[in-house]
Structure formats: C-alpha cells, structure tokens
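Undergrad: Residue numbering for the sequence shown follows this note's numbering, starting at 57 and increasing by one per position.
Built from N, CA and C at the ideal position, the CB exists for glycine as well.
Being a predicted model, the structure only gives us computed values, none of them experimental.
To start, I am sharing the structure in question, which I have written as structure tokens.
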Amino acid sequence: MTAPPAPTPTTTPTPTTRRRRAYWQTGLTLAVLVAVVCMVRRHWPVLESGAGRLAVADQGWLAVAGTAALGTWVSSALAQQGAVPQRLPGGRLVASQLAASAANHVLPAGLGAGAVNLRFLMRCGLPVGRSASALAVKATAGVVVRVVLIGVLATVCPGVLRVPGISLGVVGVVLAIVVLVTVLLNCPLWPRCRRALGTVLTDIRAVHVRPQRAAALWGGSLAFAALNCLVLICVTQAVELPLSPARVALLYLAASSAAALLPTPGGIGSLDAALVFALTASGTTASAAASVVLGYRLLTVWLPLIPGLLVLGVLVRRKAL
C-alpha cells in the first residue's frame with residue numbers, strides 16, 4: 057500500500073506578524089484621531105456655534121432621524137440573514153448587529169463589526185470559512201448597492217459630483233494597479249485566493265437559489281444605505297438646511313465611500329471631515345455643516361454606543377458570541 061499524500065502546507069500569520077499588523081493599524085488610527093483633535097481645537101468656535109444650532113433644531117425631524125437610525129440595525133440583520141442559506145435566530149441576530157455597531161466604533165477598519173458577526177455566525181453552527189464567506193457576500197452586496205445608488209442619484213442631481221480630468225498621474229496609477237494585479241496572479245498565494253473567491257461565488261449562488269434569501273440580502277443592503285441617508289436628510293431638515301434630499305443622500309454616499317479608505321474606528325474623523333467638506337462644497341456654511349455632522353454622529357454613534365456595549369457584554373456572557 058502506498059502512503060497517503062502529505063498534506064499541503066499552509067501559511068498562517070505568525071504572532072509577530074499579527075502584532076506588527078495591529079501596531080500599524082493602531083498607529084494609523086491614533087494619528088488620524090490626533091489630527092481630528094487638532095482640527096477640533098482649531099475650529100472650536102465653528103463647532104460651538106454648530107452645537108448651538110443643533111440644540112434649537114426641530115425635534116420632530118430629529119425624532120424621525122433617530123427612528124431611522126434604529127432601523128439600520130434591523131436592515132443590517134436582514135442583509136446578514138440573506139447572506140446565509142440557514143435560518144438565524146432573529147432576536148439574537150438584531151442584537152448582534154447593535155453589538156457589532158458598538159464594537160465597530162472602538163476598533164479600526166471595521167474589525168470590531170467583522171469579529172462580532174464572525175463569532176455570531178460560528179455560534180449559530182456555521183464553519184469559520186462559511187462564516188467569513190457570508191460576511192464577504194454581505195459586504196459585496198453593500199458595495200454594489202452603494203455604487204448603483206450613487207449612479208442613480210448622480211443622474212438625478214447632475215453637477216454635484218465632478219469627475220476630475222485624466223492626468224498622467226492617474227494613468228500611472230492605473231498602470232501600477234495593472235502591474236500589481238499581474239504580479240498577484242503569478243504569486244504562490246493566488247491559488248488560495250482563487251479558492252476563497254470560488255467559495256464566495258458558490259455561496260452567492262446558493263443564496264440566490266432561494267428567492268427569500270436573495271430578497272433579504274439585497275433589500276436589507278438597500279434599506280441600510282437608504283436609512284443612513286435618511287438620518288442625514290432629517291438632520292438637515294431639522295436645522296433648516298436648504299439642500300434637497302436627493303442631493304444630501306448623494307453627498308452622504310460619496311463622503312462615506314471616501315471615508316471608508318481610512319481605517320479609523322467607525323469612520324470617526326474621516327467620515328466627519330468628508331461630510332463637512334461635501335456639505336461646505338455644496339454652499340453650506342461651516343457652522344451649519346458642523347451642526348449636521350454633530351447631529352448625525354449623536355444619533356448613529358454616541359447615543360447607541362453605551363447600549364451597544366452593554367448588549368455586547370450580555371451576548372458574550374450568554375455565549376452567543
């Protein structure tokens with residue numbers, strides 16, 4: 057009898073590599089937060105006037121904005137359910153999204169939300185590979201929905217987003233990306249990446265075989281993006297900002313997509329700066345833009361943070377994570 061073939065060796069990150077990666081992410085996060093603190097000190101009078109304007113804002117619109125913020129957790133849970141063929145426990149699924157949102161505001165680059173959702177899916181009986189694939193399916197649907205919404209709103213509101221002219225620098229960046237992709241395709245890790253991509257595509261097909269799961273995935277992703285836009289729209293209405301809802305939604309989607317490139321906890325700092333820049337570029341005064349961003353952050357981050365952390369602790373205590 058012939059001996060069985062030796063298992064193929066796999067490369068896993070060493071503890072030193074993981075620590076080095078965590079150091080880089082933490083250092084970049086701290087650098088961004090320090091820059092934010094310096095900007096806050098420099099523009100404190102503008103922020104103070106913005107907070108005063110928010111204090112006398114229309115409470116009815118702020119109540120609608122708060123309700124929309126609550127709906128983002130339900131829509132996120134719906135999208136997560138749509139990303140897996142198995143049925144997940146509804147109450148714990150919604151609670152895990154609240155806990156993931158709180159964890160996402162503590163750790164950089166969405167690591168908190170990813171870790172919470174991964175542990176939740178594994179506790180529901182999914183293997184680690186399938187759990188990671190489900191998160192990738194949900195994230196892919198979210199990106200596709202955002203791109204489609206930006207395209208539709210850019211058509212409705214022409215001139216809001218200006219496409220920069222193509223320069224030699226842009227051409228050089230594109231060529232560099234092409235070279236990088238070519239190198240990656242020929243590297244030894246490409247077979248593993250291809251297998252992971254194949255797993256994700258298999259899970260996408262398995263989800264879309266069931267119309268209910270596909271509707272939950274795409275409907276939840278669309279509702280999540282729309283409700284976040286609605287929060288900002290209601291805050292702009294509360295402070296009587298003269299911007300159309302479609303324009304505000306387009307500015308939010310563009311600013312949040314740009315802020316995702318910086319790995320700060322929950323986009324704190326990067327999203328704030330991007331939103332202020334987008335609003336002021338549309339003709340809004342600095343104090344009005346500051347009041348809108350403060351109101352949006354108050355409803356989506358600061359008010360739910362403590363309840364989210366408490367829910368996270370309860371889920372961990374009950375071994376649901």
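What is the DSSP secondary structure of Gln137, reduced to helix, strand or coil?
TA: For this step, residue 137 is matched to residue 81 along the sequence shown. Residue state, collapsed to three classes: helix.
Undergrad: Hey, how far is the Cα of Ala169 from the Cα of Ala262?
TA: Here residue 169 refers to the residue found at position 113 of the sequence shown. Here residue 262 refers to the residue found at position 206 of the sequence shown. Taking the straight line from one Cα to the other gives about 24 Å.
Undergrad: Exposed or buried, what is Ala119 when buried is set at 16 or more other beta-carbons lying within 10 Å of its beta-carbon?
TA: Here residue 119 refers to the residue found at position 63 when the sequence shown is read from its first residue. That one is exposed.
Undergrad: For the segment 144-157 and the segment 356-374, state whether three or more C-beta atom pairs, one from each stretch, are separated by less than 8 Å.
TA: Short answer: they touch.
Undergrad: Quick one: residues in its chain with C-beta nearer than 7 Å to the C-beta of Ala139, no 5 flanking neighbours on either side, listed in chain order?
TA: As a working mapping, residue 139 is identified with position 83 in the sequence shown. For Ala139, where only same-chain residues beyond five positions count, the Cβ hits under 7 Å are Ala190, Val193, Lys194, Val263 and Leu273.
Undergrad: Between which two residues does the alpha helix (DSSP H) containing Thr292 stretch?
TA: Here residue 292 is taken as the residue at index 236 of the sequence shown, counted from 1. Element bounds for Thr292: Pro267 to Ala294.
Undergrad: Going residue by residue through the segment 319-362, where are the continuous alpha helix (DSSP H) segments of at least 4 residues, counting only ones entirely within it?
TA: Entirely contained in the segment 319-362, the alpha helix (DSSP H) runs reaching 4 residues are, in chain order, 326-337 and 342-353.
Undergrad: Tell whether a beta-carbon distance below 9 Å holds between Ser313 and Arg202.
TA: Counting from 1 along the sequence shown, the entry for residue 313 is found at position 257. Counting from 1 along the sequence shown, the entry for residue 202 is found at position 146. A contact, by the Cβ cut-off of 9 Å.
Undergrad: Look at the alpha carbon of Leu359 and the alpha carbon of Ile260, and state the distance between them as a whole number of angstroms.
TA: Locating residue 359 in the sequence shown gives position 303, counting from the first residue. Locating residue 260 in the sequence shown gives position 204, counting from the first residue. Rounded to the nearest angstrom, the two C-alpha atoms are 35 Å apart.
Undergrad: In terms of alpha-carbon separation, which member of Thr292, Ala270 and Leu307 lies closest to Ala334?
TA: Taking the sequence shown and counting its residues from 1, the one referred to as residue 334 is at position 278. The option with the nearest alpha carbon to Ala334 is Leu307.
Undergrad: Quick check on the burial criterion: 16 or more other C-beta atoms within 10 angstroms. Buried or exposed for Ile289?
TA: Walking along the sequence shown from the start, residue 289 turns up at place 233. Its Cβ being crowded by 16 or more others within 10 Å, Ile289 is buried.
Undergrad: Hey, how far is the Cα of Ala376 from the Cα of Ala133?
TA: Mapped onto the sequence shown, residue 376 falls at position 320. Mapped onto the sequence shown, residue 133 falls at position 77. One C-alpha to the other measures close to 15 Å.
Undergrad: Please work out which residues of its chain come closer than 8 Å, Cβ to Cβ, to Cys213, disregarding the five sequence neighbours upstream and downstream, and give them in chain order.
TA: Residue 213 sits at position 157 when you count from the first residue of the sequence shown. Closer than 8 Å at the Cβ level, and outside the excluded window around Cys213, lie Ser300, Ala302, Arg303 and Leu306.
Undergrad: Just the C-alpha distance for Ala294 and Leu217, rounded to the nearest angstrom, thanks.
TA: For the purposes of this step, residue 294 is taken as residue 238 along the sequence shown, with counting starting at 1. For the purposes of this step, residue 217 is taken as residue 161 along the sequence shown, with counting starting at 1. Whole-angstrom Cα-Cα distance: 25 Å.
Undergrad: Identify whether Gly168 lies in helix, strand or coil by the three-state DSSP scheme.
TA: Residue mapping note: residue 168 aligns to position 112 of the sequence shown, counting from 1. It is helical.
Undergrad: Closest by CA to Leu327, which one among Val287, Met178, Ala315 and Val291?
TA: Position 271 of the sequence shown, counting from 1, holds the residue named residue 327. Closest option to Leu327, Cα to Cα, is Ala315.
Undergrad: In this structure, does DSSP put Gln142 in helix, strand or coil?
TA: By one-based count along the sequence shown, residue 142 stands at place 86. Coil at Gln142, not helix or strand.
Undergrad: Among the candidates Ala125, Ala111 and Ala113, whose CA atom is the shortest distance from the CA of Leu286?
TA: Residue 286 sits at position 230 when you count from the first residue of the sequence shown. It is Ala125 whose Cα lies nearest to the Cα of Leu286.
Undergrad: How many angstroms separate the CA atom of Pro220 from the CA atom of Thr336?
TA: Indexing the sequence shown from 1 puts residue 220 at position 164. Indexing the sequence shown from 1 puts residue 336 at position 280. Bear in mind that the predicted position of Pro220 carries a pLDDT of just 47, short of 50, making it unreliable; the figure below should be weighed with that in mind. So the two alpha carbons sit approximately 19 Å from each other.
Undergrad: Would you grab the beta carbon distance between Thr174 and Ser187 for me? Rounded to a whole angstrom, and I think it's under 8 Å.
TA: As a working mapping, residue 174 is identified with position 118 in the sequence shown. As a working mapping, residue 187 is identified with position 131 in the sequence shown. A quick correction: the sequence has Leu, not Thr, at residue 174. Correct: roughly 5 Å between the Cβ atoms.
Undergrad: Closest to Pro351 by C-alpha separation, out of Pro363, Gly185, Val332 and Gly339, would be which residue?
TA: Taking the first residue of the sequence shown as 1, we reach residue 351 at position 295. The question names Pro, yet the displayed sequence has Gly at residue 351. Measuring from the Cα of Gly351, the nearest candidate turns out to be Val332.
Undergrad: If you draw a straight line from the C-alpha of Val265 to the C-alpha of Thr258, how long is it?
TA: Taking the first residue of the sequence shown as position 1, residue 265 is located at position 209. Taking the first residue of the sequence shown as position 1, residue 258 is located at position 202. Cα to Cα, Val265 sits roughly 11 Å from Thr258.
Undergrad: Let me check understanding here. Comparing Cα to Cα, which of Asn160, Val348, Trp129 and Arg373 lies closest to Val112?
TA: On the sequence shown, position 56 is the one that residue 112 refers to. Of the candidates Asn160, Val348, Trp129 and Arg373, the one whose C-alpha sits nearest the C-alpha of Val112 is Val348.
Undergrad: Take the Cβ of Thr128 as the centre, count every other Cβ of all protein chains shown within 10 Å, and call the residue buried at 16 or more, exposed below.
TA: On the sequence shown, residue 128 is found 72 positions in, with the first residue counted as 1. Under this definition Thr128 is a buried residue.
Undergrad: By alpha-carbon positions, which one of Leu371, Asn284 and Leu167 ends up nearest to Arg353?
TA: Working through the sequence shown from its first residue, we reach residue 353 at position 297. Comparing Cα-Cα distances from Arg353 to each of Leu371, Asn284 and Leu167, the minimum goes to Asn284.
Undergrad: Take the Cβ of Gln136 as the centre, count every other Cβ of all protein chains shown within 10 Å, and call the residue buried at 16 or more, exposed below.
TA: The sequence position of residue 136 within the sequence shown is 80, counting from 1. By the neighbour-count rule (16 or more Cβ atoms within 10 Å), Gln136 is buried.
Undergrad: How would you write the range of the alpha helix (DSSP H) that Lys375 sits in, first residue to last?
TA: Position 319 of the sequence shown, counted from the first residue, corresponds to residue 375. No alpha helix (DSSP H) holds Lys375; DSSP gives it neither H nor E.
Undergrad: With a threshold of 6 Å on Cβ separation, who are the neighbours of Ala330 within its own chain once the five nearest residues in sequence on each side are excluded?
TA: Here residue 330 is taken as the residue at index 274 of the sequence shown, counted from 1. Within the same chain, Ala330 has close Cβ partners Ala311, Ala314 and Ala315.
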